[in-house]
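Single-structure report; data block below.
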Amino acid sequence: GWKGAGNSAQLGTMVLTAQCYPAHTGKKVFLKGTLDIQIIEGKDLPNLDNSWFTSKKNVSDPYVTVDLTVGGTSTRRLAKTSVINDSLNPQWNTKFRSEVCNEAESILFHVKDKDLLTADSMGSLSIQAEDLLTEKPITGFFPLMDNKGKPAGSLNLCMHYTFDKRKISNTALPMKIAPKVVLLRGYLHVSLLEAKDLPDLDKKLFFVSKDKSDPFAQVRIGDCVLCKTFYVNNDLSPMWQESFKVPICHESDEVHIEVLDKDFYSEGLLGKITLKAEDLLGGEEMNGWYPLADCNGRIKIYLKYQPKDDLKNVFEVPDCYFPMREGCRLKLYQDAHYPPLPIYKNVPSDADKVYDAPCAWKDLSHDLNNAKKFIYMTGWNVSTKCQLKRQGHDKNEGCMETVGELLKRKAKEGVRVLIMVWDEIDSTGLTSSCMNTHDVETRDYFKASEVEVALVPRVLPIGGLAEGPASSFIK
2 GWKGAGNSAQ LGTMVLTAQC YPAHTGKKVF LKGTLDIQII EGKDLPNLDN SWFTSKKNVS
62 DPYVTVDLTV GGTSTRRLAK TSVINDSLNP QWNTKFRSEV CNEAESILFH VKDKDLLTAD
122 SMGSLSIQAE DLLTEKPITG FFPLMDNKGK PAGSLNLCMH YTFDKRKISN TALPMKIAPK
182 VVLLRGYLHV SLLEAKDLPD LDKKLFFVSK DKSDPFAQVR IGDCVLCKTF YVNNDLSPMW
242 QESFKVPICH ESDEVHIEVL DKDFYSEGLL GKITLKAEDL LGGEEMNGWY PLADCNGRIK
302 IYLKYQPKDD LKNVFEVPDC YFPMREGCRL KLYQDAHYPP LPIYKNVPSD ADKVYDAPCA
362 WKDLSHDLNN AKKFIYMTGW NVSTKCQLKR QGHDKNEGCM ETVGELLKRK AKEGVRVLIM
422 VWDEIDSTGL TSSCMNTHDV ETRDYFKASE VEVALVPRVL PIGGLAEGPA SSFIK
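Now the structure itself:
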């Protein structure tokens, strides 16, 4: 029977239990298998958009979410339909399939009204999870109740649970079998290429009927977003064509590939793939089209885990702009700011040569002036006003030009000059930042020259460089 409906109804040979929202806690059971859900249609839903400042033709824009619940709290989102605009009798006819390995007391169906900034509850019902264990289809119209316990129309649905006998025995039913937690340490090679047939979660925005979902894709381990694509406006079959090489060192049981709808106030889930972290340890590639859970869409991806043990045991820092070179000269300086200190005879040197304390400013001036191919400067701060020639130096060696003038001159001579400095968030054309990086000042100084400048943020934005630092500039 339907508890709370005031009567009992026989559906075929099976009597099932449905409850009004908020759901009462029932018997907790363990579900291990496949749950097929079909959201067919709604009937006589309440109109939450009927107010004095809206058009008479404007009615609710309903969609449905499906969750597993324990103690009245959602523990897992199973499905979410698209939004049907301006309809109190919406037809979704949408099917979902979810692999479940969860404890549950009930399955909550929640009908909501999609608005610009909110999603108000229209009505809900819950079906006790123990009713699924018979493995018989649950189908028909079920009454919805609002938050005050009043009738709120009905929902036509079909649900069928199939127990996976291959993976778990009956004796193990009381135990919750969680995926194995493993340590992923190495690189995750990811390409998020494109998606097809995504659901449209966007309602008509300001009465613009062409408004659709704005999808982007991301890879997530736990609460950590490893990489994220840009979003594509109003497109249910977006093309991203983005690749990432992500260093990871995470303990986890699952890796999630998600497609979300970008809105300025929220990010709705369009579909996802959930991978067992343990399955990645073998190093096998995922390459091609894969169905998305919670929707009928699919996504084209490439994914491979490369453990640290498979990497070359070299001293070179990976993925540098310039590769590691051999035969370089290393010099140590006593002090870069003052004239050379007194010579100490007991300081060891190669081949019994007399030790000559080097001067950093003089050496830098000599090397920059005699560069033939490229000059690469990186660090905290590159001061364009600084003069490398200091008091006591031979005035006949070069001219008393500043670092900025010297680098511009070398760039005109055909030497490639690259500068990379910190991009401090509080550095602007008016302020030099709390770290005195002068990065914006350095960038602006070289704007009209052939010197290439990159401002690089010290803190990587969430989602990686795909997000793009707001003040980053590459000339």
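Numbers given in this note's numbering equal positions in the sequence shown, counted from 1, plus 1. Think of the CB as a built atom: it goes at the ideal place given N, C-alpha and C, for glycine as much as any other residue.
Can you tell me which residues form a DSSP beta bridge with residue 367?
None; residue 367 has no bridge partner.
Go to residue 183, then tell me how far its beta strand (DSSP E) extends in each direction, as first and last residue.
183-197
Quick check: residue 256 and residue 300, are their CB atoms within less than 8 Å of each other?
Note that the C-beta distance between residue 256 and residue 300 is not below 8 Å.
Under a three-way DSSP split, which group does residue 281 fall into?
Of the three classes helix, strand and coil, the one that applies to residue 281 here is helix, per DSSP.
For a test of the three-state rule: what should DSSP assign to residue 328, helix, strand or coil?
coil
So, does the region 94-107 touch the region 141-157, judging by three or more C-beta pairs under 8 Å?
As far as the Cβ criterion goes, the region 94-107 does not touch the region 141-157, which means the pair count is below three.
CB-CB under 7 Å to residue 403, same chain, minus the five flanking residues each way: which ones, in chain order?
385, 386, 387, 388
So what does residue 103 bridge to, in DSSP terms?
32
If residue 31 sits next to residue 104, beta carbons under 8 Å apart, how far is it from one beta carbon to the other, in whole angstroms?
5 Å
Nearest to residue 191 by alpha carbon, out of 284, 407, 124, 362?
284
Opposing strand residues paired with residue 257 [DSSP bridges]:
221, 275
Where residue 43 falls: helix, strand or coil (DSSP):
If DSSP states are grouped into helix, strand and coil, residue 43 belongs with the strands.
Apart from the five residues on each side of it in sequence, which residues of its chain come closer than 6 Å, Cβ to Cβ, to residue 274?
The answer, listed in chain order, is 258, 291.
Do you know offhand how far residue 168's Cα is from residue 81's?
The pLDDT assigned to residue 168 is 47, lower than 50, so where the model puts this residue is not dependable; a value taken from the coordinates is nonetheless given after this. Distance from the CA atom of residue 168 to the CA atom of residue 81, rounded to whole angstroms, is 27 Å.
Less than 8 Å separating the beta-carbons of residue 485 and residue 62?
Outside the modelled stretch of the chain, which goes from 2 to 476, sits residue 485, for which no answer is possible.
Identity of the residues DSSP links to residue 419 by a beta bridge:
377, 453
Distance check for residue 47 and residue 90, CA to CA, integer angstroms please.
10 Å
Quickly, what does DSSP pair residue 114 with across the bridge? List them, please.
63, 121
Proximal residues to residue 206 (C-beta, below 6 Å), its chain only, five neighbours per side dropped
Low per-residue confidence applies at residue 206: pLDDT is 46, beneath 50, and the placement is therefore not dependable enough to give any value.
Measure the Cβ-Cβ separation of residue 252 and residue 184 and say whether it is below 8 Å.
yes
If you draw a straight line from the C-alpha of residue 231 to the C-alpha of residue 362, how long is it?
45 Å
Measure from the alpha carbon of residue 1 to the alpha carbon of each residue in 112, 225, 311, 237, then state which is nearest.
Residue 1 lies beyond the residue range present for the chain, which begins at 2 and ends at 476; the question has no answer from this structure.
Using the C-alpha atoms, what's the distance from residue 145 back to residue 240?
39 Å
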